[in-house]
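Number of protein chains: 2
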Amino acid sequence: MKLGRLNHIGVATPSIADSIVFYREVMGATKIHEPFDLPEQGVKVCFVDTPTDTGLNGTQIELIEPLPGNTSIAGFLEKNPAGGQHHMCYEVPDIHAAKAEFEAMGKRVLGEPRIGAHGTPIFFVHPKDMGGVLTEIMETPKGAH
Amino acid sequence: MKLGRLNHIGVATPSIADSIVFYREVMGATKIHEPFDLPEQGVKVCFVDTPTDTGLNGTQIELIEPLPGNTSIAGFLEKNPAGGQHHMCYEVPDIHAAKAEFEAMGKRVLGEPRIGAHGTPIFFVHPKDMGGVLTEIMETPKGAH
């Protein structure tokens, strides 16, 4: 495969509300999107844009807060109560082709492609097969960029 | 302050040589810079470019391997033997102004500004004050972008 755009860095937080204040007041973010629930994944998410020279398409920060019943993010927060860097997400043109390529390389794809926070199919690859980085692969939104 | 460009994501690795193979062969990176030692920080580093629609200025991945005698990255790798996400780095126009602003907000700046991997002054801010994210602040290279 060919390396795709670094769409976002997933950052777990115990409170998206508090993180929004942090990114606005401390870091000076000016484009913070509306938080929303992603019940299929058991999380609430909120995207923070980072600037680029062109103004286009900076890598986003995806704030992630566990919804009740979530175990994976809740477990991460037990180990990292203040929150922290959780995953890195790259875009691909075709999610099924990407899944087949990772699997052909012996990488553990975690489940079938499902709709992610940007409304396109995503999957995760096991961090132990990816240099310790939990890696999300997402299909580029049609018409994006 | 105003949120600056997300310059890079620091990713610790036990072997930059192995990580270069991973980013080239598995992730399909096409622009991998020459690794070099940064002895003042006790690390070897290597930048991997990620693509953007304009071809300009994607957020980089900074691979970081400890040099002998390094304790901070070596300690991180003891807890995360495969490596993993280590820090996030944002650009600012003036490193001393940024340091004063973080300190005025009660954030623990770790040491005085020093020359970082891109040849401009940098400092780190304590992750416990930054939502669990070890945060590097770097002055934008003059004439860059």
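Chains A and B, in that order, give the protein sequences.
This note's numbering runs 16 ahead of the 1-based position in the first sequence.
This note's numbering runs 16 ahead of the 1-based position in the second sequence.
C-beta atoms are modelled at their ideal positions from N, C-alpha and C, and glycine is treated no differently.
Beta strand (DSSP E) segment containing residue i, residue limits
{"i": "F38 (chain B)", "result": "It is not in any beta strand (DSSP E) - F38 (chain B) carries neither H nor E in the DSSP assignment."}
{"i": "G26 (chain A)", "result": "L22 to A28"}
{"i": "L79 (chain A)", "result": "Q76 to P82"}
{"i": "E152 (chain B)", "result": "T151 to E155"}
Beta-bridge partners of residue i, as assigned by DSSP
{"i": "D65 (chain A)", "result": "Answer is none; D65 (chain A) lacks a bridge partner."}
{"i": "P55 (chain B)", "result": "DSSP output for P55 (chain B) lists no bridge partner at all."}
{"i": "L126 (chain B)", "result": "B:F140"}
{"i": "E107 (chain B)", "result": "B:M154"}
{"i": "K60 (chain A)", "result": "A:D53 and A:E81"}
{"i": "G147 (chain A)", "result": "Answer is none; G147 (chain A) lacks a bridge partner."}
{"i": "G100 (chain B)", "result": "B:A28"}
Of the listed residues the options, nearest to residue i (C-alpha basis)
{"i": "P30 (chain B)", "options": "B:I80, B:L54 and B:T70", "result": "B:I80"}
{"i": "H142 (chain A)", "options": "A:T156, A:T136, A:A133 and A:M121", "result": "A:M121"}
{"i": "A28 (chain B)", "options": "B:P157, B:T87, B:P109 and B:R124", "result": "B:T87"}
{"i": "M146 (chain B)", "options": "B:P67, B:H103, B:H24 and B:F92", "result": "B:H103"}
{"i": "R130 (chain B)", "options": "B:G148, B:M154 and B:V149", "result": "B:M154"}
{"i": "E119 (chain B)", "options": "A:A114, A:V42 and A:D65", "result": "A:V42"}
{"i": "L126 (chain A)", "options": "A:G135, A:K115, A:P67 and A:H134", "result": "A:K115"}
{"i": "N23 (chain A)", "options": "B:A45, B:T68, B:K18 and B:P55", "result": "B:T68"}
{"i": "R40 (chain A)", "options": "A:A113, A:D65 and A:K18", "result": "A:D65"}
{"i": "K7 (chain A)", "options": "A:D34, A:F139 and A:L93", "result": "Past the boundaries of the shown model lies residue 7 (chain A); chain A is included only from 17 to 161, so the question cannot be answered."}
Chain D contact for residue i (CB, 8 Å cutoff)
{"i": "F38 (chain B)", "result": "The structure shown has no chain D; the protein chains it does contain are A and B."}
Whether residue i touches residue j by CB criterion (8 Å)
{"i": "A98 (chain B)", "j": "K95 (chain A)", "result": "no"}
{"i": "I111 (chain A)", "j": "P84 (chain A)", "result": "no"}
{"i": "T75 (chain B)", "j": "L72 (chain A)", "result": "no"}
{"i": "I25 (chain A)", "j": "I77 (chain A)", "result": "yes"}
{"i": "D53 (chain B)", "j": "K47 (chain B)", "result": "no"}
{"i": "I32 (chain B)", "j": "P51 (chain B)", "result": "yes"}
{"i": "G44 (chain A)", "j": "K18 (chain B)", "result": "yes"}
{"i": "P157 (chain B)", "j": "G132 (chain B)", "result": "no"}
{"i": "F63 (chain B)", "j": "H49 (chain B)", "result": "yes"}
{"i": "G100 (chain B)", "j": "V149 (chain A)", "result": "yes"}
{"i": "G20 (chain A)", "j": "Y106 (chain A)", "result": "yes"}
{"i": "P109 (chain A)", "j": "L93 (chain A)", "result": "no"}
The alpha helix (DSSP H) enclosing residue i, as first and last residue numbers
{"i": "G91 (chain A)", "result": "S88 to K95"}
{"i": "E50 (chain B)", "result": "E50 (chain B) -> no alpha helix (DSSP H), and no H or E assigned at all."}
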